[in-house]
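First the structure, in the form of structure tokens, and then the observations on it.
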Amino acid sequence: MSGQLPVRANGDHSADQPFEVQASIALDNLVAILSEAGQSTSDLLKVTVYVVGIEHWPAFDRIYAHYLGEHRPARAVVPVPVLHHGYLIEIEALARGGQKETYL
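With the working numbering applied, the sequence shown covers 2 to 105.
As structure tokens, this is what we get:
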């Protein structure tokens, strides 16, 4: 799936929220998209996370583990200097679907 910013489903922006809130919203979006496609986090093959400020990495690890449980797809955390609209996190992912890989 393409990059998920911490924008709520109703369009509310959260760039002014703490990193932990932004990460949870972005992961909520990821889970909702997977669910809509009949998939779950256990179908994730690769996750790429863009994070403004490497100091947020430990917090992201905790939140990510809460959402994914024991499943550990390939993952890259990429520190970046800035993201669009002042967000602190963006997540993109690749998930399998049925008999073949599905790009969401």
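Quick reminder that beta carbons are idealized off the backbone N, C-alpha and C, glycines included. Since the structure is predicted, the reported quantities are computational estimates derived from the model, not experimental observations.
Where the beta strand (DSSP E) through Arg63 begins and ends: Not the beta strand (DSSP E): Arg63 falls in the alpha helix (DSSP H), residues Trp58 to Leu69.
If you draw a straight line from the alpha carbon of Phe61 to that of Ser25, how long is it in whole angstroms? Computed Cα separation, rounded: 9 Å.
Counted within 10 angstroms of its Cβ, other Cβ atoms place His67 as buried (16 or more) or exposed: The residue in question, His67, is exposed, as its Cβ has fewer than 16 Cβ neighbours within 10 Å.
Nearest to Pro19 (by Cα), restricted to the options Arg97, Val78, Glu56 and Ile34: Of the candidates Arg97, Val78, Glu56 and Ile34, Glu56 places its Cα closest to the Cα of Pro19.
By how many angstroms is the C-alpha of Ala33 removed from the C-alpha of His14? Within the model, the alpha-carbon separation for His14 versus Ala33 is close to 17 Å.
In this structure, how does DSSP classify Gln23 when only helix, strand and coil are distinguished? In the structure shown, the three-state DSSP call for Gln23 is helix.
Sort Ala38, Arg73, Thr49 and Ala27 by Cα distance to Arg9 and report the nearest one. Looking only at Ala38, Arg73, Thr49 and Ala27, the smallest Cα-Cα distance to Arg9 is reached by Ala27.
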